[in-house]
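>
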Amino acid sequence: MGEDAESPKINHTFLRDYVTEADVISTVEFNQTGDLLATGDKGGRVVIFQRETEPKGESEEVGETGDSGEYNVYSTFQSHEPDFDYLKSLEIEEKINKIRWLPQQNAAHFLLSTNDKTIKLWKVSERDKRPEGYNLKDEEGRLKDISTITSLQVPVLKPTDLMVEVRPRRVFSNGHTYHVNSISVNSDGETYLSADDLRINMWHLGITDRSFNIVDIKPANMEDLTEVITAAEFHPHHCHLFVYSSSKGTLRLCDMRASALCDKHTKLFEEPEDPGSRSFFSEIISSVSDVKFSHSGRYLLTRDYLTAKVWDLNMDKGPVETYQVHEYLRSKLCSLYENDCIFDKFECVWNSSDSVIMTGAYNSFFRMFDRETGRGVTLEAWRESSKPRAVLRTRRVYTGGKRRRGDVGVDSLDFTKKILHMAWHPSENIIAIAATNNLYIFQDRVNPDHTQ
Amino acid sequence: MIMKGQKRKLPPEEVEVSDRSSPFWESQRQFVFSVSLNKYQRGQELPEPSLRRSVLIANTLRQVSLEGCGAPSMDMEVSQPPCSSSSALQESITNSHSAPSSCPLVSSNYFSNCAVSRSPVSCHSSASNVPLSAKNEDEDWESMSMDPDFSLSAAISSILTALDSTIDGSPQAAQRAPLRSLENLAGPTEGAVAWMKHGVRGYGGSWEQQENSMEVMRSSYLNDVTVEDLFQDIDTSLLEREMGVLGLRGSGGGYPTGDDLLRYLPPLSSSSSPLLPFSLSLNQKCLPSFSSFSPLSSSSSSSPSLSSPPFSSQNHMREGLELEHLMEILVES
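The listed protein sequences correspond, in order, to chains A and B.
Here the first sequence is numbered in the numbering used here, starting from 1252 and rising by one per residue.
Here the second sequence is numbered in the numbering used here, starting from 8 and rising by one per residue.
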């Protein structure tokens, strides 16, 4: 699993650089078709981008296929406001922890957004027509003088400027004592789960005043608490299966058919610890920060501090693949513990065909691994070093051996520039990378579709 | 490697030392211990500490304590890292580690086990098979001085208990009522009793704080009552005398100074029978363990090896017994 400085096969063209000067972005998510991209930020706002579909005739250039639209802002709304818990005298952060889109069922789009405590269902709908020709009111809405009405007319829908309306449809509150870290929509289209540090609840999308607790790892005696839930997700196809990860590096697959309360896992995925590499920080770096089912539903992708691992659902003894994201940090764990970077939670994503996985790192770097060859590549999401439509060059961190031009030394890495949140288009090679308060969207122009 | 603009406080080991026999291992262990302690306490000062972070830091603290107890090196040079705020504790720890080998083990099964009994403890360490150490009279002195490690662990676990009680609104809250009535007692006010009253009042006062913060704790991991708040009302002059008796004052022995120890103790727990430590300690005619106020560790103060009782005078003894009797009644009611 070595890294190449140049990987001609993975050569991305930089389509556009979208810089949003909003607050720090805390979550990024494509919808199921990839036409909409939602970002949430620390200020509780959600910004939705929509992909423009250009007519084929106008923009076709050599090498470009149709539908090579760019993402433009579609709607912005305040999802969560800063809240105050009067009982505990605590502020509740409005930071959006996760956004998940619902499968589209009609013209409107629905998404779930959550902060630490409250989950909200938003309806995003368009209005581009309005009725004109009322009998009793004029165009401004004023009542007409009845004596002036001589005939009846049927109001006609006339096109107007596009208006995007976003309305809260449900508010799921008071379900969590601890901080919500994950939400996941079930494949049944009716339910979703929300997970906090110690509990996982299952909600019905239509019912807001109660939820069903399906996992509770809170010990009877809080002295015994040594493990928390870090992420949870429903299986993409089986509505009875879900997985949750823990701070101790374990994954638990649960089957809701087995029992109402899924404290007892159906399968436990755990990699035996390597005694040779044990250190004071072994547990902290084993803490899983993100877990994602593959699109096929066969594999799990997890991210811990130094690695990304692929697990086969059929094999619980250990991961089938392990990718070193930034192994050069292993000798720096002490410093990273001191400056708190060791607690950073990186996300990980699959591409549409489950052949490539991607995750973030420091210094605005993010890494992609080709599962077939095992090779990894480092890319950079940094405005200064890439111009629109430029080819994204691969980067390298110098860890010894022959130093090449452009290599970055480990001690020169900027640990404040972390790529924590990202998303991959569901069917094309378009990725969205959140770098602090900037959003980068990259598209593979050479191989826009997943079929490579 | 450091964040920009930050001054590096000490040079951490650049290479991760996993080999216990390496000379750097112990210094790194102590560095990690002190950093963990700092983080832990700073985390508790936050209005709403992150549970995941707190648990990871607590687990690291635990592991570091375990590994330190497992094989403390006799001849190692103890480094004195200039950590910004924990130099005193660091000194205490390093000095305590220069003491003879056998040390009480921190059971990963909740320190309460180790803290409770001084007899050989079965250690449920999941990390490794650390050999048990049989405690005898001679070792208890050193074990007392080793208490900072334990005590913190015990305190951590007791705080977790507190969180539990607040979130679930346990009936423990109701038992606090009897405490208040003590403040109204007009008893002999000299000596230990005055101290007791102060202590209880201080404790009771802190309960108010704790009650208010109980709700706060519903989602926060740990109590935000600080040790300073708790001990504000206690007549420390008496304490210093007593602790001098116990040898807790640094006097060439290099044992942790009481004040410093107090400063670095994690916040107290809201245990169900907070007076137990006091009653039991009086019963045993010695001070309660300042390492922890959790009921499970109360009998840690029942160390028979303490050289002299704190209440040296007969008068104090009698008053102490009366007070103990009083408190037993209150606890039962």
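Idealized CB from N, CA, C, for every residue including glycine.
These numbers come from a predicted model, not from an experiment.
Does the Cβ of Met1673(A) have 16 or more other Cβ atoms within 10 Å, making it buried, or fewer, making it exposed?
Stepping through the first sequence from its first residue, residue 1673(A) is reached at position 422. Flag for Met1673(A) reads buried.
> Check for me: the alpha helix (DSSP H) holding Ser1376(A) runs from which residue to which?
Walking along the first sequence from the start, residue 1376(A) turns up at place 125. From DSSP, Ser1376(A) is part of no alpha helix (DSSP H) but of the beta strand (DSSP E) over 1370-1383.
> With burial defined as no fewer than 16 other Cβ atoms inside 10 Å of the residue's Cβ, what is the status of Phe1532(A): buried or exposed?
Within the first sequence, residue 1532(A) is the residue found at index 281, counting from 1. Burial call: buried.
> Should Ser57(B) be flagged as near chain A, meaning a C-beta pair shorter than 9 Å?
Against the second sequence, residue 57(B) aligns to sequence position 50. Closer than 9 Å: yes.
> As a quick exercise: from Trp1601(A), Thr1459(A), Asn1437(A), Val1648(A), pick the residue whose alpha carbon is nearest that of Phe1493(A).
The residue you call residue 1493(A) lines up with position 242 of the first sequence. For Phe1493(A), the nearest C-alpha among the options comes from Asn1437(A).
> Just verifying my parser: in three-state terms, what is the DSSP assignment at Phe1532(A)?
Counting from 1 along the first sequence, the entry for residue 1532(A) is found at position 281. Coil at Phe1532(A), not helix or strand.
> Going along chain A, which residues have a C-beta under 7 Å from Gln37(B)?
Reading the second sequence from its first residue, position 30 is the one you call residue 37(B). Result: empty, since nearest Cβ-Cβ is about 11 Å, beyond 7 Å.
> Using the beta-carbon count (16 or more within 10 Å), is Asp1565(A) buried or exposed?
As a first step, residue 1565(A) is located in the first sequence; it is residue number 314 there, counting from the start. Looking at the sequence provided, one finds Asn at residue 1565(A) rather than Asp. That one is exposed.
> Verify the CB distance criterion: does Asn1688(A) have a CB-CB separation below 9 Å to chain B?
As a working mapping, residue 1688(A) is identified with position 437 in the first sequence. For Asn1688(A), the answer is no, since every Cβ of chain B falls outside 9 Å of its Cβ.
> What separation, rounded to the nearest whole angstrom, lies between the Cα atoms of Glu1578(A) and Ser1498(A)?
Along the first sequence, one-based indexing puts residue 1578(A) at 327. Along the first sequence, one-based indexing puts residue 1498(A) at 247. In a straight line, the C-alpha of Glu1578(A) is about 20 Å away from that of Ser1498(A).
> I'd like the span of the alpha helix (DSSP H) that includes Gln48(B), first residue to last.
Within the second sequence, numbered from 1, the residue matching residue 48(B) stands at position 41. Unbroken alpha helix (DSSP H) run through Gln48(B): 30-52.
> State buried or exposed for Asp1448(A), treating a residue as buried only when at least 16 other CB atoms are found within 10 Å of its CB.
Taking the first residue of the first sequence as 1, we reach residue 1448(A) at position 197. Result: buried.
> Only counting the same chain, and skipping five residues up and downstream in sequence, which positions put a Cβ closer than 7 Å to that of Thr1601(A)?
In the first sequence, counting from the first residue as 1, residue 1601(A) sits at position 350. Per the sequence presented here, residue 1601(A) reads as Trp, with Thr not at that position. Taken in chain order, the residues that qualify are Lys1543, Ser1545, His1546, Leu1552, Ile1608, Trp1675.
> According to DSSP, His1577(A) sits in a beta bridge with which residue or residues?
Here the question's residue 1577(A) lines up with position 326 in the first sequence. In the DSSP output, where bridge partners are listed per residue, His1577(A) has none listed.
> Listing by chain order, which chain A residues have their CB less than 8 Å from the CB of Leu44(B)?
For the purposes of this step, residue 44(B) is taken as residue 37 along the second sequence, with counting starting at 1. Residues of chain A passing the Cβ test: none, with the nearest at roughly 13 Å.
> For Asp1504(A), write down the residues that DSSP places opposite it in a beta bridge.
Along the first sequence, read from residue 1 onward, the residue named residue 1504(A) stands at position 253. For the sequence presented, residue 1504(A) should be read as Leu rather than Asp. Leu1504(A) pairs with Val1494(A), Lys1518(A).
> Counting only Cβ pairs nearer than 7 Å, list the residues of chain B close to Thr1365(A).
Here the question's residue 1365(A) lines up with position 114 in the first sequence. Those within 7 Å of Thr1365(A) in chain B number zero; the least Cβ separation is about 15 Å.
> Bridge partners for Ile1480(A) per DSSP, in chain order?
In the first sequence, residue 1480(A) corresponds to position 229, counting from 1. Answer by DSSP bridge pairing, in chain order: Ser1497(A).
> Check the Cβ-Cβ distances between Gly1317(A) and every residue of chain B, and say whether any is below 9 Å.
Within the first sequence, numbered from 1, the residue matching residue 1317(A) stands at position 66. Because Gly1317(A) sits at a pLDDT of 48, beneath the cut-off of 50, its placement in the model cannot be relied upon, and the following sentence gives the value as read from the coordinates. It does not; no Cβ of chain B falls within 9 Å.
> If you run the structure through DSSP and keep just helix, strand and coil, what is Phe1616(A)?
What you label residue 1616(A) is simply residue 365 of the first sequence in a count that begins at 1. The answer is strand: DSSP assigns Phe1616(A) an E or B state.
> Quick one: measure Cβ to Cβ for Leu1584(A) and Ser1510(A), integer angstroms, because I've assumed they're closer than 8 Å.
Indexing the first sequence from 1 puts residue 1584(A) at position 333. Indexing the first sequence from 1 puts residue 1510(A) at position 259. Leu1584(A) to Ser1510(A), Cβ: 39 Å. No contact.
> Which of the three DSSP states is assigned to Pro1487(A) in this structure?
Sequence index remark: in the first sequence, residue 1487(A) carries index 236 (1-based). Three-state DSSP puts Pro1487(A) in coil, outside helix and strand.
> Spatial neighbours of Asp1286(A) within its chain, please: C-beta separation below 7 Å, excluding the five flanking residues on both sides.
Working through the first sequence from its first residue, we reach residue 1286(A) at position 35. Gln1301, Arg1302, listed in sequence order.
> Anything in chain A within Cβ reach of Arg49(B), meaning under 9 Å, just list it in chain order.
Within the second sequence, numbered from 1, the residue matching residue 49(B) stands at position 42. Simply none; closest approach about 10 Å.
> Scan the stretch 1340-1367 of chain A for residues whose Cβ lies nearer than 8 Å to a Cβ of chain B and list them as they occur along the chain.
Within the stretch 1340-1367 of chain A, the qualifying residues are Ser1340, Leu1341, Glu1342.
> Do you know whose CA, among Ser1364(A), Lys1560(A), Pro1677(A), Glu1305(A), lies nearest Val1422(A)'s CA?
Taking the first residue of the first sequence as position 1, residue 1422(A) is located at position 171. Here the closest residue by C-alpha is Ser1364(A).
> In the DSSP assignment, the alpha helix (DSSP H) including Glu1280(A) goes from what residue to what residue?
The residue given as residue 1280(A) occupies position 29 in the first sequence. Element bounds for Glu1280(A): not the alpha helix (DSSP H) but the beta strand (DSSP E), 1276-1281.
> Can the beta-carbon of Gly1500(A) be found less than 9 Å from the beta-carbon of Ser1537(A)?
Taking the first sequence and counting its residues from 1, one reaches residue 1500(A) at position 249. Taking the first sequence and counting its residues from 1, one reaches residue 1537(A) at position 286. For Gly1500(A) and Ser1537(A), yes; Cβs fall inside 9 Å.
> Just to confirm my understanding: we take Ala1482(A), look at its own chain, exclude 5 residues before and 5 after, and list those with CB closer than 8 Å. What are they?
Here the question's residue 1482(A) lines up with position 231 in the first sequence. Around Ala1482(A): Asn1432, Ser1433, Ala1446, Tyr1495, Ser1496, Val1539, Ser1540, Asp1541, Val1542.
> Is it buried or exposed for Pro1360(A), if we count other Cβ within 10 angstroms and need 16 for buried?
Reading the first sequence from its first residue, position 109 is the one you call residue 1360(A). Sequence inspection shows His at residue 1360(A); the Pro mentioned does not correspond to that position. So His1360(A) counts as buried.
> Take every Cβ of the stretch 1339-1356 of chain A, pair it with every Cβ of the stretch 1282-1297 of chain A, and state whether three or more of those distances are shorter than 8 Å.
With a cut-off of 8 Å, the stretch 1282-1297 of chain A and the stretch 1339-1356 of chain A count as touching, because enough Cβ pairs lie within range.
> Any idea what DSSP makes of Lys1388(A), helix, strand or coil?
For the purposes of this step, residue 1388(A) is taken as the residue at position 137 of the first sequence. Lys1388(A) falls in the strand class under three-state DSSP.
> For Ser1538(A), go through chain B and note every residue whose CB falls closer than 7 Å to its CB, in chain order.
As a first step, residue 1538(A) is located in the first sequence; it is residue number 287 there, counting from the start. Chain B residues near Ser1538(A): Leu63.
> Measure the alpha-carbon distance for Arg60(B) versus Gly1457(A) and round it to whole angstroms.
For the purposes of this step, residue 60(B) is taken as the residue at position 53 of the second sequence. For the purposes of this step, residue 1457(A) is taken as the residue at position 206 of the first sequence. Rounded to the nearest angstrom, the two C-alpha atoms are 34 Å apart.
> Can you give me the start and stop residues for the alpha helix (DSSP H) that Tyr1588(A) sits inside?
Sequence index remark: in the first sequence, residue 1588(A) carries index 337 (1-based). Here the alpha helix (DSSP H) through Tyr1588(A) covers 1584-1589.
> Roughly how many angstroms separate the alpha carbons of Met1414(A) and Ile1350(A), rounded to a whole number?
Counted from its first residue, the first sequence places residue 1414(A) at position 163. Counted from its first residue, the first sequence places residue 1350(A) at position 99. Those two C-alpha atoms are separated by around 22 Å.
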